[in-house]
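For the first sequence, this note's numbering assigns the number 465 to the last residue and increments by one with no breaks.
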Amino acid sequence: MEMLNPPIPNRAIALIDVNNFYVSCERVFNPKLEGKPVVVLSNNDGCAVARSNEVKALGIKMGQPWFQLKDLARKHGIIAYSSNYALYADMSNRVMSILGMFSPEQEIYSIDECFLDLSGFKRLNHTDYGQQIRQRIKQWIGLPVCVGIGSTKTLAKLANHLAKKNPEFNGVCDLNSFSLKRQTDWFQRIDVGEIWGIGRRLAPKLHEIGIKTAWDLKTASPSPLRARFSVVMEKIIREINGTACIELEELHPTRKQILSSRSFGVPVADLPGLEESVSLYINRAAEKLRRQQSIAGVVYVYIRTSPFNPRQRYYANGIAVPLSMQTDNTVPLTKAALWGLRRIYRRGYQYQKAGVILSELTPQQYRQLNLFESTSTTEVDKKSTKMMNIIDQINARMGRGTIRLASEGFKQPWKMKQGNKSPGYTTKWEELVCV
DNA sequence: ATCACGGTTTGCA
DNA sequence: CTAACGTGCAAACCGTGAT
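The structure is reproduced here in structure tokens:
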């Protein structure tokens, strides 16, 4: 039977992704790390979240706890960094603003990935264009990126995976330019778990029913799989067949809930310590809340001991504290969170983590008026929003925490571990050392 | 039975 | 020296009480 080539797709979506982002950022400022095995650890120096190729080759998995790797690390001279989010965020901003020059439509998907819509550039060779992107990011920022192109976001992701894993693509893979035969050959070699949205739980389940490769999923019929799994699965199948189900989101979608949580560097047993940390997390969450111009109606606060330590009693609890009036002001949000915290706190436990969630979020302009509220109260409220915005601006310019509530404490002994953090090369003068 | 709800679990990146 | 395991989001799920 004759193999027909697919119809020329009318869309071209590119997914640009920085290789081993955090590790690559460290290497920009410390070129001696080039060619050496390097990992960057998660908050609290907990798990490996970014690995150089040398580290991946040693079989170290994403998210593996660092303490389990100490021996291996010593043996192979692995260099481990604490995560330096100020540096990575700044590098990310630089990369994204350059990438934005390559298309009028950009979705910043994560700290190191973005989609560009190239559909308008019909007369351009997209593979060449991808190479230009790579070259410019390398030259202007010093970071290595790969480019994947396809007719949907899921295909662009898959193309990016191919570009990353197979040197013959030289960092750019455009699935739109593939013949059906070539695409089939590649898809049959890709494990179904590599597809965007198929994670470590779904992949084995699909394997069980005989769907092992990207090709198997592409040619599977959507409706029974939707029944067996979910509507998300059906969308994935349609997407890898070239039907767009996931649109490019240029505006950051406003969140329905905002969470801020952190593990402690050392266990915390006393209430004041927990109060300080909860206070800080509320501050972070409230900053995010105001950035997306929302107000919150419920503050959820939770604490827990370590779930990994079998030698001590486990305790975890949380409470939802409704606010009488929705707000974005740190002061009442903190009050509510601390009130909740005192309700769930039990003495005699070694707490390992605390967190807050802001929910019942609505846009600032739809602020719900209380039945018993006078207009003057809303004026007061508007002023408080204004004041919080000014505080945000000062903190943005002078550094986080320049103005904050005293309830956050000053010594913060529970602060997370960061044993080996690199300097804030691009954001903090005082951390730069001239040699 | 069915629905709305809230809290909990699952899953992904 | 020892002990040590991230975060943020949405969707699915599930039990409950009201209708």
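Yeah, the Cβ is synthetic: ideal placement off N, Cα and C, and Gly gets one too. Values in this document were obtained by computation on a predicted structure and should not be read as measured data.
(message) Within 10 Å of its beta-carbon, does N200 have 16 or more other beta-carbons around it, so buried, or fewer, so exposed?
(response) Against the first sequence, residue 200 aligns to sequence position 170. Burial call: exposed.
(request) Assign V28 to buried or exposed, taking buried as 16 or more other Cβ atoms, counted over all protein chains shown, within 10 Å of its Cβ. (result) In the structure as shown, the chain begins at 31 and stops at 465. Residue 28 is therefore absent and cannot be evaluated.
(message) Just to confirm the assignment, what range does the alpha helix (DSSP H) spanning P362 have?
(response) Numbered from 1 along the first sequence, position 332 holds the residue referred to as residue 362. Run containing P362: T360 to I374, per the alpha helix (DSSP H) assignment.
(message) Going by the DSSP bridge assignment, what does R81 pair with across the sheet?
(response) Taking the first sequence and counting its residues from 1, one reaches residue 81 at position 51. In DSSP, R81 forms a bridge with V69.
(message) When you compare the segment 303 to 313 with the segment 382 to 392, are there three or more beta-carbon pairs, one atom per stretch, that lie closer than 8 angstroms?
(response) yes
(request) Could you please give the first and the last residue of the uninterrupted beta strand (DSSP E) stretch that includes P352? (result) Counting from one through the first sequence, the residue named residue 352 turns up at place 322. Per DSSP, P352 belongs to the beta strand (DSSP E) from A346 to T357.
(message) Across the segment 165 to 175 and the segment 127 to 137, are there enough close Cβ pairs to call them in contact, namely three or more that are closer than 8 angstroms?
(response) yes
(request) Work out the CA separation of K441 and E277 for me, nearest whole Å. (result) The residue given as residue 277 occupies position 247 in the first sequence. The residue given as residue 441 occupies position 411 in the first sequence. So the alpha carbons of these two residues sit roughly 46 angstroms apart.
(request) Leaving aside the five residues before and after I138 along the sequence, list all residues of the same chain whose C-beta is less than 7 angstroms from its C-beta, in chain order. (result) Within the first sequence, residue 138 is the residue found at index 108, counting from 1. Answer for I138: M126 and C144, listed in chain order.
(message) Is the beta carbon of N339 closer than 9 angstroms to that of I374?
(response) In the first sequence, residue 374 corresponds to position 344, counting from 1. In the first sequence, residue 339 corresponds to position 309, counting from 1. It is not a contact, given that the beta carbons lie outside the stated cut-off.
(request) Tell me whether the beta-carbon of I108 lies closer than 9 angstroms to the beta-carbon of L102. (result) Against the first sequence, residue 108 aligns to sequence position 78. Against the first sequence, residue 102 aligns to sequence position 72. In contact: I108 and L102 (Cβ atoms closer than 9 angstroms).
(message) Looking only at its chain, what residues have a beta carbon closer than 6 angstroms to the beta carbon of K451, apart from the 5 residues adjacent to it on each side?
(response) For this step, residue 451 is matched to residue 421 along the first sequence. The residues are S112 and N114.
(request) For G93, count neighbouring Cβ atoms within 10 angstroms of its own Cβ and tell me buried if that reaches 16, exposed if not. (result) In the first sequence, counting from the first residue as 1, residue 93 sits at position 63. Flag for G93 reads exposed.
(request) Tell me S293's beta-bridge partners as DSSP assigns them. (result) Taking the first sequence and counting its residues from 1, the one referred to as residue 293 is at position 263. According to DSSP, which records beta bridges pairwise, S293 is partnered with K383.
(request) Locate the beta strand (DSSP E) running through C275, then write down its first and last residues. (result) Translated into the one-based positions of the first sequence, residue 275 becomes position 245. Here C275 belongs to no beta strand (DSSP E), and DSSP marks it neither H nor E.
(request) Can you give me the Cβ contacts of K194 inside the same chain, cut-off strictly under 6 angstroms, excluding the 5 residues immediately before and after it? (result) Counting from 1 along the first sequence, the entry for residue 194 is found at position 164. Only C176 meet the Cβ criterion.
(message) Give me the DSSP bridge partner(s) of L45.
(response) Residue 45 sits at position 15 when you count from the first residue of the first sequence. Paired residues: F145 and G178.
(message) For I267 and T243, I'd like the C-alpha separation in whole angstroms.
(response) Sequence index remark: in the first sequence, residue 267 carries index 237 (1-based). Sequence index remark: in the first sequence, residue 243 carries index 213 (1-based). Whole-angstrom Cα-Cα distance: 12 angstroms.
(request) Determine the DSSP secondary structure at A110, reduced to helix, strand or coil. (result) Your numbering for residue 110 matches position 80 in the first sequence. A110 falls in the strand class under three-state DSSP.
(request) Taking G172 as the reference, give the member of G180, I163 and L146 with the closest Cα. (result) Here the question's residue 172 lines up with position 142 in the first sequence. Ranking G180, I163 and L146 by Cα distance to G172 puts I163 first.
(request) With a floor of 4 residues, list each alpha helix (DSSP H) that falls wholly inside the segment 295 to 351, ordered by position along the chain. (result) Within the segment 295 to 351, the complete alpha helix (DSSP H) runs of at least 4 residues are 301 to 321.
(message) Taking a contact to mean a Cβ-Cβ separation below 9 angstroms, would you say V331 touches L353 in this structure?
(response) The sequence position of residue 331 within the first sequence is 301, counting from 1. The sequence position of residue 353 within the first sequence is 323, counting from 1. The answer is no: Cβ separation not under 9 angstroms.
(message) Just verifying my parser: in three-state terms, what is the DSSP assignment at E279?
(response) The residue given as residue 279 occupies position 249 in the first sequence. E279: coil per DSSP, three-state reduction.
(request) Please report how far the alpha carbon of G429 lies from the alpha carbon of C55, in whole angstroms. (result) In the first sequence, counting from the first residue as 1, residue 429 sits at position 399. In the first sequence, counting from the first residue as 1, residue 55 sits at position 25. Roughly 21 angstroms separates the two Cα atoms.
(request) From the DSSP output, in three-state form, read off P61 for me. (result) Counting from one through the first sequence, the residue named residue 61 turns up at place 31. Helix, per DSSP.
(request) Spatial neighbours of P95 within its chain, please: CB distance less than 7 angstroms, with the 5 preceding and 5 following residues excluded, ordered by chain position. (result) For the purposes of this step, residue 95 is taken as the residue at position 65 of the first sequence. The answer, listed in chain order, is G76 and C77.
(request) Tell whether a beta-carbon distance below 9 angstroms holds between S324 and N359. (result) Taking the first sequence and counting its residues from 1, the one referred to as residue 324 is at position 294. Taking the first sequence and counting its residues from 1, the one referred to as residue 359 is at position 329. Cβ atoms of S324 and N359: not closer than 9 angstroms.
(request) Output the distance between the C-alpha atoms of S253 and W226, rounded to the nearest integer angstrom. (result) Counting from 1 along the first sequence, the entry for residue 253 is found at position 223. Counting from 1 along the first sequence, the entry for residue 226 is found at position 196. So the alpha carbons of these two residues sit roughly 19 angstroms apart.
(message) Quick check: the Cα distance between F51 and S140, rounded to an integer number of angstroms?
(response) To locate residue 51, count along the first sequence from 1; it is residue 21. To locate residue 140, count along the first sequence from 1; it is residue 110. For F51 and S140, the distance between alpha carbons rounds to 11 angstroms.
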